[in-house]
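Novice:
There are 2 protein chains.
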Amino acid sequence: MQKYLELLKNCPLFLGVNDDELISMLGCLGARVVPFAKRQTLMEEGEQAKELGVVLSGSVQIVQVDYFGNRNILSDVETGELFGEAFACAEVQSVPISVVASEAGEILFIPYARIEAPCANACGFHRQLIHNLLKIVAAKNLLFHQKLGLLSKRTTREKLTAYLLLQAKKNKSNRFSIPFDRQELADYLGVDRSGLSSELGKMRREGVLRCRKNHFELL
Amino acid sequence: MQKYLELLKNCPLFLGVNDDELISMLGCLGARVVPFAKRQTLMEEGEQAKELGVVLSGSVQIVQVDYFGNRNILSDVETGELFGEAFACAEVQSVPISVVASEAGEILFIPYARIEAPCANACGFHRQLIHNLLKIVAAKNLLFHQKLGLLSKRTTREKLTAYLLLQAKKNKSNRFSIPFDRQELADYLGVDRSGLSSELGKMRREGVLRCRKNHFELL
DNA sequence: TAAAGTCTGTTGAATTTTCAACAAAATAGG
DNA sequence: CCTATTTTGTTGAAAATTCAACAGACTTTA
Chain A
0 MQKYLELLKN CPLFLGVNDD ELISMLGCLG ARVVPFAKRQ TLMEEGEQAK
50 ELGVVLSGSV QIVQVDYFGN RNILSDVETG ELFGEAFACA EVQSVPISVV
100 ASEAGEILFI PYARIEAPCA NACGFHRQLI HNLLKIVAAK NLLFHQKLGL
150 LSKRTTREKL TAYLLLQAKK NKSNRFSIPF DRQELADYLG VDRSGLSSEL
200 GKMRREGVLR CRKNHFELL
Chain B
0 MQKYLELLKN CPLFLGVNDD ELISMLGCLG ARVVPFAKRQ TLMEEGEQAK
50 ELGVVLSGSV QIVQVDYFGN RNILSDVETG ELFGEAFACA EVQSVPISVV
100 ASEAGEILFI PYARIEAPCA NACGFHRQLI HNLLKIVAAK NLLFHQKLGL
150 LSKRTTREKL TAYLLLQAKK NKSNRFSIPF DRQELADYLG VDRSGLSSEL
200 GKMRREGVLR CRKNHFELL
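Residue numbers (numbering that gives the first Met the number 0), protein chains in the order written: chain A, 0 to 218; chain B, 0 to 218.
As structure tokens, this is what we get:
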């Protein structure tokens, strides 16, 4: 846990929390660190969402798989970010998604009940955490708006360029890496992988794009 | 305002608020009622989101329009529901959507700053409202997950049937009305209107569906 | 009630996507 | 360092979507 203190201090969930308090707070919250391997499932569709997860290292993806086995990647969660918080806050009985590790690492799981209810020690930070959570969940709403904007585009080309422009903006640079391989990007954009590859080839030939593996440059 | 008290008491935003308190609370919050006409824009893309809206009567749609004029309907907001709350909570400088009335009615606008900050009178309900907001925003996240599930389907037929099944489930009945005309439904599902119409015709001929105007029955 | 306007369903052609299959390139593991 | 596996790019054919155009049904309003 000690080695992640710096990360946690900068995590939006703990914004405004005194550095000294952080450790005792984590104890009060009943937080626990869980290591995981690549491809491991951290939260299964249908489960009850009692905890939220903070990615301490590695990365995870939020995925849905429909009746016919089509994978839909809803989002990618990087170090310092949260997952499952919306389901916990909404107190859903059955989460509609699975969380799968894309890179091995460690998660900090925090029982939501401990965040929500003022505890026996009358810790003062619950109010702050709830405020932070509200802002985080609201910000995720914005991300969903963005993603809906991508998926509502009609062609692979439009989806792809809109996605790449968003990434460039997010990274404040025309050169950036994406957290997906080709198949994952296709599942994220809701398009066919081969069509995506061929569209990338076309853009390369048109000279608007350079890419190698998951590193891209817009020209 | 008086005539909407019953509605507001059942509004998730005011869950747990004492009936007597409601009136004085609304005053303390600086809430104001605004009437609007059909097709009127209630919130414009690019604005700062300082207020959230509660639909008292009528209904509104959350829409995005891209560079080429393609309309994307993100959601439909009915009586008693909220809009703009996520942008207010996330304190965004520029909302990425517009809110347009689909039916004339009235809105209760509430400045978010008044909800968030404990007021001079030290009203006790701020904590409760924040909790309610958190749950509401988290629940909207779930709705977005659903919509992403729809949009990630590859064919018009799949999107349409998934949407109709969701509506049937939501209404707990195979007979239900939808809040969209054909063009709006197409813009909601991200498909071509004529293709949607023709798919509906096909389903009718297959005998799996009956529909007239915006009333549907699944067989 | 008539006229104007809007909404819906149909059509066929052009475009785009999906699907399946394969080979080259890259990666991982022993 | 070599082999097995995974990832990526390409292809062509089949399927589906989009687009534009139009006519009939339905609404609105004058």
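Note that beta-carbon positions come from the ideal geometry of N, C-alpha and C, so glycine has one too. Model, not experiment: these values are computed from the prediction.
Got a sec? Which residues, its chain only, sit under 7 Å from A:Leu254 by beta carbon, not counting five neighbours each side?
Specialist: The structure shown does not extend to residue 254 of chain A, since chain A is modelled only from 0 through 218, so no value can be given for it.
Novice: By Cβ distance below 6 Å, which residues in the same chain neighbour A:His125 in space, the five residues on each side in sequence not counted?
Specialist: Working through the first sequence from its first residue, we reach residue 125 of chain A at position 126. For A:His125, where only same-chain residues beyond five positions count, the Cβ hits under 6 Å are Pro117.
Novice: Hey, A:Leu199 and A:Leu208: beta-carbon distance below 9 Å or not?
Specialist: What you label residue 199 of chain A is simply residue 200 of the first sequence in a count that begins at 1. What you label residue 208 of chain A is simply residue 209 of the first sequence in a count that begins at 1. Their beta carbons are under 9 Å apart, which means A:Leu199 touches A:Leu208 by this criterion.
Novice: Between A:Val64 and A:Leu107, which are expected to be in contact by the criterion C-beta below 8 Å, what is the C-beta distance as a whole number of angstroms?
Specialist: Your numbering for residue 64 of chain A matches position 65 in the first sequence. Your numbering for residue 107 of chain A matches position 108 in the first sequence. No, A:Val64 and A:Leu107 are not in contact; Cβ-Cβ is about 26 Å, not under 8 Å.
Novice: Comparing the C-beta of A:Ala30 with each C-beta of chain B, is any distance below 9 Å?
Specialist: Numbered from its first residue, the first sequence carries residue 30 of chain A at position 31. For A:Ala30, the answer is no, since every Cβ of chain B falls outside 9 Å of its Cβ.
Novice: I need the straight-line Cα distance from B:Ala138 to A:Phe86, nearest angstrom please.
Specialist: Start at 1 with the first residue of the second sequence, and residue 138 of chain B comes out as number 139. Start at 1 with the first residue of the first sequence, and residue 86 of chain A comes out as number 87. Taking the straight line from one Cα to the other gives about 8 Å.
Novice: Which residues in the same chain as A:Ser93 place their Cβ atom closer than 6 Å to its Cβ, once the five residues preceding and following it in sequence are excluded?
Specialist: The count along the first sequence starts at 1 and reaches residue 93 of chain A at position 94. So the qualifying residues of the chain are Gly45.
Novice: Nearest CA to the CA of B:Ser151: which residue from A:Gly68, A:Ser56 and A:Asn173?
Specialist: Within the second sequence, residue 151 of chain B is the residue found at index 152, counting from 1. When each option's Cα is compared against that of B:Ser151, the closest is A:Gly68.
Novice: Could you work out which residues of chain B lie near A:Pro34, taking near to mean beta carbons separated by less than 9 Å?
Specialist: What you label residue 34 of chain A is simply residue 35 of the first sequence in a count that begins at 1. Result: empty, since nearest Cβ-Cβ is about 27 Å, beyond 9 Å.
Novice: In the DSSP assignment, find the unbroken alpha helix (DSSP H) run with B:Ile22 in it and report its ends.
Specialist: Position 23 of the second sequence, counting from 1, holds the residue named residue 22 of chain B. It spans Asp18 to Leu28 - the alpha helix (DSSP H) in which B:Ile22 sits, taken as one unbroken run.
Novice: Within a Cβ cutoff of 6 Å, which residues of the same chain sit near A:Ser197, ignoring the five residues on either side of it in sequence?
Specialist: The residue you call residue 197 of chain A lines up with position 198 of the first sequence. Counting only Cβ-Cβ distances below 6 Å, and skipping sequence neighbours, we find nothing.
Novice: Could you check whether the Cβ of A:Glu90 sits closer than 9 Å to any Cβ belonging to chain B?
Specialist: Taking the first sequence and counting its residues from 1, the one referred to as residue 90 of chain A is at position 91. At least one chain B Cβ lies under 9 Å of A:Glu90.
Novice: Taking one C-beta from the region 56-63 of chain B and one from the region 72-89 of chain B each time, how about it: are there three or more such pairs within less than 8 Å?
Specialist: yes
Novice: For B:Leu133 and A:Ile129, which I take to be in contact (beta-carbon distance under 8 Å), what is that distance rounded to the nearest angstrom?
Specialist: Locating residue 133 of chain B in the second sequence gives position 134, where the first residue counts as 1. Locating residue 129 of chain A in the first sequence gives position 130, where the first residue counts as 1. Under the criterion of beta carbons closer than 8 Å, B:Leu133 and A:Ile129 qualify as touching, at roughly 6 Å.
Novice: Along the chain, where does the beta strand (DSSP E) containing B:Gly104 start, and where does it finish?
Specialist: Looking up residue 104 of chain B in the second sequence gives position 105. Looking at the DSSP string, the run of the beta strand (DSSP E) that includes B:Gly104 is Ser97 to Pro110.
Novice: Could you give the first and the last residue of the continuous beta strand (DSSP E) run that contains A:Phe175?
Specialist: In the first sequence, counting from the first residue as 1, residue 175 of chain A sits at position 176. Arg174 to Ser176 is the span of the beta strand (DSSP E), which, as asked, contains A:Phe175.
Novice: Going by C-alpha distance, which of B:Asp191, B:Arg192 and B:Leu218 is nearest B:Arg203?
Specialist: Locating residue 203 of chain B in the second sequence gives position 204, counting from the first residue. Of all alpha-carbon atoms in B:Asp191, B:Arg192 and B:Leu218, the one lying nearest the alpha-carbon of B:Arg203 is that of B:Leu218.
Novice: Can you give, in chain order, each stretch of the beta strand (DSSP E) that sits fully within the region 24-68 of chain A and has at least 3 residues?
Specialist: Qualifying beta strand (DSSP E) stretches, in chain order: 31-35, 40-42 and 50-64.
Novice: Is it buried or exposed for B:Tyr111, if we count other Cβ within 10 angstroms and need 16 for buried?
Specialist: Along the second sequence, one-based indexing puts residue 111 of chain B at 112. Per the 10 Å Cβ criterion, buried.
Novice: Please check if any C-beta of chain B sits within less than 9 Å of the C-beta of A:Ile106.
Specialist: Here residue 106 of chain A is taken as the residue at index 107 of the first sequence, counted from 1. A:Ile106 does not count as touching chain B.
Novice: In terms of alpha-carbon separation, which member of B:Asn170, B:Asn17, B:Arg181 and B:Arg174 lies closest to B:His214?
Specialist: As a working mapping, residue 214 of chain B is identified with position 215 in the second sequence. Nearest of B:Asn170, B:Asn17, B:Arg181 and B:Arg174 to B:His214, Cα basis: B:Arg174.
Novice: Check the Cβ-Cβ distances between A:Ala112 and every residue of chain B, and say whether any is below 9 Å.
Specialist: Taking the first sequence and counting its residues from 1, one reaches residue 112 of chain A at position 113. So, not an interface residue.
Novice: Using a Cβ-Cβ cut-off of 9 Å, state whether B:Gly115 counts as contacting chain A.
Specialist: The sequence position of residue 115 of chain B within the second sequence is 116, counting from 1. One point to set straight first is that residue 115 of chain B is Glu, not Gly, in the sequence displayed. Cβ-Cβ to chain A under 9 Å: yes for B:Glu115.
Novice: Contact check, A:Pro95 vs B:His144 under 8 Å by CB: the rounded distance?
Specialist: Looking up residue 95 of chain A in the first sequence gives position 96. Looking up residue 144 of chain B in the second sequence gives position 145. Contact flag correct, Cβ pair sits at about 5 Å.
Novice: Can you give me the start and stop residues for the beta strand (DSSP E) that A:Cys118 sits inside?
Specialist: The sequence position of residue 118 of chain A within the first sequence is 119, counting from 1. First-last for A:Cys118: undefined, no H or E at that position.
Novice: Tell me the start and end of each unbroken beta strand (DSSP E) in the region 161-205 of chain B that is at least 3 residues and wholly inside, in chain order.
Specialist: The qualifying runs are 174-176.
Novice: Evaluate A:Ser193 with the Cβ neighbour count: other Cβ atoms within 10 Å of its Cβ, from every protein chain shown; 16 or more gives buried, anything less gives exposed.
Specialist: For the purposes of this step, residue 193 of chain A is taken as residue 194 along the first sequence, with counting starting at 1. With fewer than 16 other Cβ atoms within 10 Å, it is exposed.
Novice: Sort A:Phe82, A:Thr40, A:Ser176 and A:Met42 by Cα distance to A:Cys10 and report the nearest one.
Specialist: By 1-based counting over the first sequence, the position of residue 10 of chain A is 11. The candidate whose alpha carbon is nearest that of A:Cys10 is A:Phe82.
Novice: Check each candidate in B:Ser172, B:Glu5 and B:Glu115 and name the one with the smallest Cα separation from B:Asp18.
Specialist: Residue numbering aside, residue 18 of chain B sits at position 19 when the second sequence is read from its first letter. That would be B:Glu5, whose Cα lies nearest to the Cα of B:Asp18.
Novice: Which class does A:Asn71 belong to by DSSP, given the choice of helix, strand or coil?
Specialist: Taking the first sequence and counting its residues from 1, the one referred to as residue 71 of chain A is at position 72. Strand.
Novice: Against chain A, with Cβ distances strictly below 9 Å, would B:Ile96 count as a contact?
Specialist: As a first step, residue 96 of chain B is located in the second sequence; it is residue number 97 there, counting from the start. The beta carbon of B:Ile96 falls within 9 Å of a beta carbon belonging to chain A, placing the residue at that interface.
Novice: Taking just the CA atoms, how far does A:Arg153 sit from B:Tyr182?
Specialist: Within the second sequence, residue 182 of chain B is the residue found at index 183, counting from 1. Within the first sequence, residue 153 of chain A is the residue found at index 154, counting from 1. Note that residue 182 of chain B corresponds to Gln in the displayed sequence, not to Tyr. Cα to Cα, the separation comes out at about 16 Å.
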